[in-house]
Amino acid sequence: MPRRAADRDGISDAIGHTPIDREIARLAEAQHGVVALAQLRSLGLSGSAVRNRVAAGRLHRVHRGAYAVGHPLLSQRGLWMAAVLACGPGAALSHRSAAALHDLRRSERRATDVTSPRGAGRSRPGVDAHRAHLVPEDRVEVDGIPCTTVARTLLDLAEAIDRRGLDRAVDRAEMLHVLDVGAIEAVLARAPGRHGARPLGAVLARFDGERARTRSELERRFLRICDRAGITRPRVNHVVWIDGDPVEVDFAWPDRRLAVETDGHATHGTRLAFEADRRRDQRMRRAGWDTMRFTWRQVTLRPREVESTLVAVVDARAKPSLH
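Every letter in the sequence shown is one number past the one before it in our numbering, and letter 157, counting from 1, is 158.
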C-alpha cells in the first residue's frame, strides 16, 4: 500500500470513521498530519466537539489553533506546517525555517520562523512570528507548505545570520539551480530600508561580478574555438527580431540563421530559466532559426568537441535562399 494511503488509514483509525472524521483525516494527510482550528470549524465541528476529540486523544494541540490528528508525533514538516496554520491566513514559513525547507542551509533551531500579515499571528512557544505583507511574488508552496520564495527567503535570512552564512546560502541556491538573480533584484527593489537589503545586495554584486567575468571569458574561449576551426566569427550578443520583439542570442551567423547559446548555471540554471530558454528556442525555430547550445563545461573542458560540432554544422548549413 502506498505510504500516503497507509498514513491516511492510520489517521482514520485513530480518529474514527464518521464522514466528518474521514474529511479530517484527508485534510491532515495533505498537511503533514496537522489541521487548523478554523478548518475544523469549517467542517462543522463546534468548539465543544473539538475539545471532546482532544480529551479522547483524537486531536493533539500543537499550538493554539493548530492540532495534530490521530497522534502527537510529527515530522519536521509537520511542525513547520502546524506553525504556519497557527499563525492564520496569509502566513508563510520564512527566514531560517524557509531556508531549511528550500535546502539552502540546515537549522537546528527548535522555534519555527513564520511571516504573517501585520496584526495576525504572534510569537509563542515554538514559533517566532514576523509581521510583513507578502506579495504573491514572494510566496510559494513547497511540499504543500506555504513558504517564502528563495529570493525572499534570502532577504529575510540576511537579517538573521552573518555574512559568511549568507554567502553559503547563496552558493547553495546556485548549486541547486534555484538562484534567480532577477527575482532577487525584484525583491530588493520592493524592500527599501530593510536591514537585509544591504548585505544581500553586496553578495549579489559579488555574484554578478563573477558572472560578468565568467561571461567575458566564455565569449573569448568560444571565439578562439571558431578561429581555430577556420569558421567565420559569429556576431556576439546579436539581436534577432521575432514578431516585433527583440531576442538576444549569445552568438549568431545571421546569413545562415544559426544561433549559439552558451549556458552557465548563473544565468540558465534555474527552473524558470530552463523553461524560458526552451520557449525561446521554439520561437526562433518558427522564425527559421536553428539554435545550438553548448555548456560552460563543454567550451572550457571539451573545446575539440565543440569545434568538431561547429565545423559539421556551421559551414555545412547552406545560406538561406534570397528567393
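Where a beta carbon is used, it is the ideal one built from N, C-alpha and C, also for glycine.
Predicted model, so just to flag it, every value in this text is computed and none were measured.
Query                                                                                                                                                       : Result
Is the region 77-84 touching the region 29-37 in the sense that three or more CB pairs, one from each, lie closer than 8 Å?                                 : yes
Cβ atoms of residue 117 and residue 88: under 7 Å apart, would you say?                                                                                     : yes
In the DSSP assignment, find the alpha helix (DSSP H) that holds residue 51 and state where it starts and stops.                                            : 48-56
Counting Cβ pairs closer than 8 Å, one from the region 150-166 and one from the region 193-200, do we hit at least three?                                   : yes
Buried or exposed for residue 71, please, with buried defined as at least 16 other CB atoms from any protein chain shown within 10 angstroms of its CB.     : buried
Starting from residue 60, follow the beta strand (DSSP E) in both directions and report where the run begins and ends.                                      : 60-64
Give the list of continuous alpha helix (DSSP H) stretches no shorter than 4 residues that lie fully inside the region 180-210.                             : 182-190
Report the three-state DSSP secondary structure of residue 129 (helix, strand or coil).                                                                     : strand
If residue 296 sits next to residue 285, beta carbons under 8 Å apart, how far is it from one beta carbon to the other, in whole angstroms?                 : That pair is no contact at about 19 Å.
Indicate whether residue 86 and residue 67 have their beta-carbon atoms separated by less than 7 Å.                                                         : yes
Are there 16 or more other CB atoms within 10 angstroms of the CB of residue 95, so buried, or fewer, so exposed?                                           : buried
Starting from residue 243, follow its DSSP beta bridges and name the residues at the other end.                                                             : 246
Any contact between the region 216-235 and the region 304-313? By contact I mean 3 or more CB pairs, one from each, below 8 Å.                              : yes
Tell me where the alpha helix (DSSP H) around residue 21 begins and ends.                                                                                   : 20-31
Just to check my reading of the structure: residue 84 and residue 115 have Cβ atoms closer than 8 Å, yes? What is that Cβ distance to the nearest angstrom? : 5 Å
Is residue 267 buried or exposed, if buried means 16 or more other CB atoms sit within 10 Å of its CB?                                                      : In this prediction, residue 267 scores a pLDDT of 45, lower than 50, which makes its location untrustworthy; the coordinate-derived value is nonetheless stated afterwards. Buried, since its Cβ has 16 or more Cβ neighbours within 10 Å.
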